[in-house]
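Asks: Under the numbering used here, the first residue of the sequence shown is numbered 1, with each subsequent residue one higher. We treat Cβ as the ideally placed atom computed from N, Cα and C, and that holds for glycine. Since this is a predicted model, take the numbers as computed values, not measurements. The structure is given below, and queries will be raised subsequently.
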Amino acid sequence: MNTVLRSFSIHRVDVFLLLPALALVAISLATLYSLDVSLFKQQFMALLLGLIIYFVFLNVNIRYLGAFSKQLYIGILISLGLLFIIGIEAKGAVRWIDIFGVRLQFSEVFKPFFIVILSHFLTRDESHSLGKFITALILLFPIFFLILRQPDLGNAIIYFLAALLMMLVYGFPFRYFLSLGLVILIPMPIFISLLHDYQRARIFSFLNSTSDPFGSSYNAIQSLISVGSGGVFGKGFGQATQSILRFLPERHTDFIFATISESLGFIGGIVILSLFILLLSHIYRIAISSRDQFSYLISLGFFFVLLIHIFFNIGMNLGILPIVGITLPLVSYGGSSLLTNFLILSMLSSLRSEEKKDKLFEIK
């Protein structure tokens, strides 16, 4: 079909994606309600908007959307550049823009579209040349550096790792990645010098988590205390003292897994992980059942984005990874993050429905 929009059909809803996602959001909303009713109300409104976006993009032909990759890429670069002129500054970072009273974080909402852009570029031909590898990196690095300068180290890492993993599964020779690693390691001191003081302190404190208990190590220590104090069954919603009394910083965003672990204990953490495993395993099945490489790469790109988010966020909360400010998909507070997650689920459902339709036509 040569149109971007298709007629609406409820049959495009993939319940194996939607139900685990809604279960994760329900746990998130219950947690936010126990912390602050205003957080609950704002996230609930973001959920309603996310569901609207979900059903809108459910009827978008994602394959044909790739034809607009050039325009999408230029739009992303212009938008990220405009942030430094008209963006809203909060906590020393310029990451948000206010559109009709809705605050959006561009580095979040552009992730699915960057996956589409990179997938379209990689699958235009079957070449695995060094030139194509370098061109893919050239597409990535302007976006990476614009996000890094906001500063938003967490999302810059997401874009970088997701792109590299997509390029790896596309089939570029492994020696290209080894060479890239050497190229990155040589100027690493320069890269570290570009980071803000608090970002460097967080990374270095990871090497010695108790070196500065009232400074750079404070967040990691409080997160571990919160997770440990929940025990097996947790203290219950409204009884989690570490988060409610605000000993735990960023209790509703970066460290919401620690908040949930304190409230619902080890069992609650296992429930969260189980729902993510269900979600990711179904996305992987969508990828491996794809009928063309474009759909395959997009599906795996979304898989990598969510997996990296989950791995880093829970790793941060458990003290096994440095704190770089990465949210937990569908669980952390944040309208832009929630909208992005539902946009990803919608695009995956749309691709899945196209695969089913193609198979049905083949049978007939």
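1) Is it buried or exposed, valine 227, if we count other Cβ atoms within 10 angstroms and call 16 or more buried?
2) Which runs of the alpha helix (DSSP H) fall wholly inside the stretch 215-297 and span at least 4 residues, in chain order?
3) To the nearest angstrom, how far is the alpha carbon of leucine 140 from that of phenylalanine 237?
4) Entirely within the stretch 103-141 and at least 3 residues each: give me those beta strand (DSSP E) ranges in chain order.
5) By DSSP's criteria, alanine 93 is part of a beta bridge. Which residues make up the other side?
6) Compute the Euclidean distance between the alpha carbons of serine 129 and asparagine 219, then round it to the nearest angstrom.
7) How would you call leucine 17, buried or exposed, if buried means at least 16 neighbouring beta carbons within 10 angstroms?
8) Determine the direct distance from the alpha carbon of isoleucine 256 to that of glutamine 242, and round the result to whole angstroms.
9) Helix, strand or coil for valine 60 per DSSP?
10) Out of Phe303, Ser295 and Val324, point me to the one whose CA is closest to asparagine 61's CA.
11) According to DSSP, is aspartate 98 helix, strand or coil?
12) Distance, Cα to Cα, threonine 259 vs serine 337?
13) Quick check: the Cα distance between leucine 65 and threonine 31, rounded to an integer number of angstroms?
14) Applying the 10 Å Cβ sphere with the 16-neighbour rule, what's the burial state of arginine 352?
15) Looking at the secondary structure, which residues open and close the alpha helix (DSSP H) in which threonine 327 lies?
16) Which one of Val25, Arg63, Phe57 and Val37 has the shortest CA to CA distance from leucine 47?
17) Assuming contact is defined by CB atoms lying nearer than 7 Å, are phenylalanine 57 and leucine 343 in contact in what I supplied?
18) Between the Cα of proline 249 and the Cα atoms of Ile27, Val331 and Gly325, which residue gives the shortest distance?
19) Taking leucine 328 as the reference, which of Ile283, Asp292 and Thr253 has the closest Cα?
20) Would serine 349 and arginine 12 qualify as a contact pair, given that the criterion is a beta-carbon distance under 7 Å?
21) Tell me whether valine 331 sits in a helix, a strand or coil according to DSSP, three-state version.
22) Among Pro151, Leu104 and Pro142, which one has its Cα closest to the Cα of isoleucine 192?
Replies: Looking at the coordinates:
1) Buried is the call here.
2) Runs found: 218-229, 241-244 and 256-288.
3) Between leucine 140 and phenylalanine 237, the alpha-carbon positions lie close to 42 Å from each other.
4) As far as the stretch 103-141 is concerned, it has no whole beta strand (DSSP E) run of at least 3 residues.
5) Answer is Ala90, bridged to alanine 93.
6) For the pair serine 129 and asparagine 219, the Cα-to-Cα distance works out to about 44 Å.
7) That one is buried.
8) So the two alpha carbons sit approximately 12 Å from each other.
9) Here valine 60 carries a strand assignment [DSSP, helix/strand/coil].
10) Asparagine 61 has its Cα closest to that of Ser295, out of Phe303, Ser295 and Val324.
11) Looking at aspartate 98 - three-state DSSP - the assignment turns out to be strand.
12) One C-alpha to the other measures close to 18 Å.
13) Roughly 37 Å between the two C-alpha positions.
14) With a 10 Å radius around the Cβ and a threshold of 16 neighbouring Cβ atoms, arginine 352 comes out buried.
15) First-last for threonine 327: undefined, no H or E at that position.
16) Of the candidates Val25, Arg63, Phe57 and Val37, the one whose C-alpha sits nearest the C-alpha of leucine 47 is Val25.
17) Yes, these two residues count as a Cβ contact at 7 Å.
18) Minimum Cα-Cα distance from proline 249 among the listed residues Ile27, Val331 and Gly325 corresponds to Gly325.
19) Check the Cα spacing between leucine 328 and each of Ile283, Asp292 and Thr253: the tightest is with Thr253.
20) Less than 7 Å separates the beta-carbon of serine 349 from that of arginine 12.
21) Per DSSP, reduced to three states, the secondary structure at valine 331 is coil, with no helix or strand assignment.
22) Check the Cα spacing between isoleucine 192 and each of Pro151, Leu104 and Pro142: the tightest is with Pro151.
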